[in-house]
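The block underneath contains the structure these notes are about, expressed in structure tokens.
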Amino acid sequence: EFKKQLDMRLPEEQVFFEQLEQELIKVNEFYKQKQALFGLRLDNIRKQQQIYDDVLGEELEATTLRARPPTMRKSLSQLVDAKYGGSSKPMLGPEPSAQLRIARSKIKRAMLEVYRGMEMLKNYRILCYTAFVKALKKYQKTAKWCDGTDYFLNRVDCCYMATSDMLNQLSCQVETMYVNRYAGG
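Everything in the sequence shown is counted per the UniProt record's numbering, starting at 1 for the first residue and increasing by one.
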């Protein structure tokens with residue numbers, strides 16, 4: 001029905017709505033891509049956090065092993081050498097706890113960057129939505145045609161960018177991870 005009414009309008013108005021449609025498609029695609037990218041980044045951070053937790057657990061076990069009596073340490077060390085073939089002597093280089101602190105700060109920084117990016121994408125969504133609303137209101141005021149404005153406002157309200165809640169869910173997940181892991185410093 002809208003297409004029929006639009007066909008009876010001026011060519012300039014038809015072009016206006018075609019351009020609005022193209023812009024809506026472009027904005028939606030950009031939003032979907034960025035939202036998916038943030039989902040992937042969050043998955044990578046989760047994997048890195050899991051690796052960090054595993055290595056931290058291993059270091060805590062090693063610290064506990066060093067605190068045991070020398071004879072128990074020696075026998076455990078021999079078992080490890082026999083099972084995995086090689087030397088269980090510590091590797092040269094920075095001590096693991098320093099490496100873990102660096103890894104922890106990098107993960108923390110990555111979480112903050114992803115969260116900031118998500119907030120920027122939320123602002124982008126708000127700005128785009130507002131731009132469509134303002135353009136349509138100005139058109140309605142100029143052309144005095146409410147049906148076209150109402151139809152397209154409904155299209156904007158129903159588009160992926162306006163209805164998707166995935167970005168809010170991802171933001172909440174980042175907030176929860178951050179609070180659970182890094183709230184104490």
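Every residue gets a Cβ at the ideal spot worked out from N, C-alpha and C, and that includes glycine.
**Study point:** 8 Å Cβ shell around residue 129 - same chain, five flanking residues per side excluded
**Key:** If you number the sequence shown from 1, residue 129 lands on position 129. Contacts found: 156, 161 and 162.
**Study point:** Segment limits, alpha helix (DSSP H) that includes residue 171
**Key:** For the purposes of this step, residue 171 is taken as residue 171 along the sequence shown, with counting starting at 1. Counting along the chain, the alpha helix (DSSP H) containing residue 171 begins and ends at 166-182.
Check your understanding: Under a three-way DSSP split, which group does residue 125 fall into?
Key -> By one-based count along the sequence shown, residue 125 stands at place 125. Note: residue 125 maps to helix in three-state DSSP.
Review point. Cα-Cα, which of 13, 35 and 20 is closest to residue 123?
Key: Here the question's residue 123 lines up with position 123 in the sequence shown. Checking every option, the nearest Cα to that of residue 123 belongs to 35.
Check your understanding: In three-state terms, what does DSSP make of residue 118?
Key -> As a working note, residue 118 is residue 118 in the sequence shown. Taken through DSSP and simplified to helix, strand or coil, residue 118 comes out as helix.
Exercise for review: Less than 8 Å between the CB atoms is what I'm expecting for residue 103 and residue 182, so what's the real figure, rounded?
Suggested key: Here residue 103 refers to the residue found at position 103 of the sequence shown. Here residue 182 refers to the residue found at position 182 of the sequence shown. Not confirmed; about 13 Å, so no contact.
Check your understanding: Residue range of the alpha helix (DSSP H) that residue 153 falls in?
Key -> Sequence index remark: in the sequence shown, residue 153 carries index 153 (1-based). First-last of the alpha helix (DSSP H) with residue 153: 146-158.
Practice item. Just mark residue 107 as buried or exposed, buried being the case when its beta carbon has 16 or more other beta carbons within 10 Å. Key: Within the sequence shown, the letter at position 107 stands for residue 107. When all chains shown are included, residue 107 counts as buried.
Practice item. Kindly indicate which three-state DSSP category residue 8 falls into: helix, strand or coil? Key: On the sequence shown, residue 8 is found 8 positions in, with the first residue counted as 1. Three-state result, residue 8: coil.
Review point. Run through DSSP, which three-state label would residue 58 get?
Key: Taking the sequence shown and counting its residues from 1, one reaches residue 58 at position 58. Helix, per DSSP.
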